[in-house]
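Student:
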Amino acid sequence: MGEYVNDDDLSRILKAVGDTTRRHILTLLVQEGAMRVTALAAHFDMSLNAVSKHIKVLEEAGLVARKTLGREHFIAAELGRLSLTESWFGKLKSIWELRLAALDNLLVSKDEQNAE
C-alpha cells in the first residue's frame, strides 16, 4: 500500500472498470489470454468499432496491452495497475475502520455511563 496513487491514473482505471462491457473484456482476456481484436469483438453484440473504443479506454488506463503482428492486433490483459485501486481502497478502508472503532468506543462509553 505504499505506492503513490496519482489521481489522474486512478480516475482512468476506475472509469475503465466502471463499464460492464470493459469488465467483460478484461475477464475474457484473463480467462483466454491474448486475443485478436476481431475474436474479442465476436463475443459482444456490438460493432468492431464499438469494441475497439472500449479497448482504447482500457489501453489508456494501462489495463490492456496491444501487440501488432502483421495486420493482426492482439490484446492482452495487464492487470498490474489495478494495484493502484487496491492501494486507494485500502486507505479508505483504514480510515473507515478507525472511524468505526472510535464510534464503537463512544457507544461503549455511553452504555457504561448509562449503566452507572
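All the letters of the sequence shown, read from the start, carry residue numbers 1 to 116 under UniProt numbering.
Don't be surprised by glycine CBs; every beta carbon is placed ideally from N, CA and C.
Treat the numbers as computed from the prediction; the structure is a model and nothing was measured.
1) I need the boundaries of the beta strand (DSSP E) containing ARG66, first residue and last residue.
2) State the Cα-Cα distance for the pair THR27 and MET46, rounded to the nearest angstrom.
3) Using DSSP's beta-bridge definition, name the partner residues of PHE74.
4) Let me know the secondary structure DSSP gives GLU116 once reduced to three states.
5) What's the C-alpha gap between GLY18 and THR85?
6) Whole-angstrom Cβ separation of HIS54 and ARG22, contact assumed at under 8 angstroms?
7) Excluding the 5 residues preceding and the 5 following MET107 in the sequence, name in chain order all residues of the same chain whose CB lies nearer than 8 angstroms to its CB.
Tutor: Put simply:
1) Reading the sequence shown from its first residue, position 66 is the one you call residue 66. Note, ARG66: beta strand (DSSP E), 64 to 69.
2) Here residue 27 refers to the residue found at position 27 of the sequence shown. Here residue 46 refers to the residue found at position 46 of the sequence shown. Rounded to the nearest whole angstrom, the CA to CA distance from THR27 to MET46 is 17 angstroms.
3) In the sequence shown, residue 74 corresponds to position 74, counting from 1. DSSP lists ARG36, LYS67 as partners of PHE74.
4) One-based indexing of the sequence shown puts residue 116 at position 116. Note: GLU116 maps to coil in three-state DSSP.
5) Your numbering for residue 18 matches position 18 in the sequence shown. Your numbering for residue 85 matches position 85 in the sequence shown. Per the coordinates, the alpha-carbon of GLY18 lies some 12 angstroms from the alpha-carbon of THR85.
6) In the sequence shown, residue 54 corresponds to position 54, counting from 1. In the sequence shown, residue 22 corresponds to position 22, counting from 1. 5 angstroms between Cβ atoms; contact.
7) Residue 107 sits at position 107 when you count from the first residue of the sequence shown. The question names Met, but residue 107 is Leu in the sequence shown. Same-chain partners within the cutoff: there are none.
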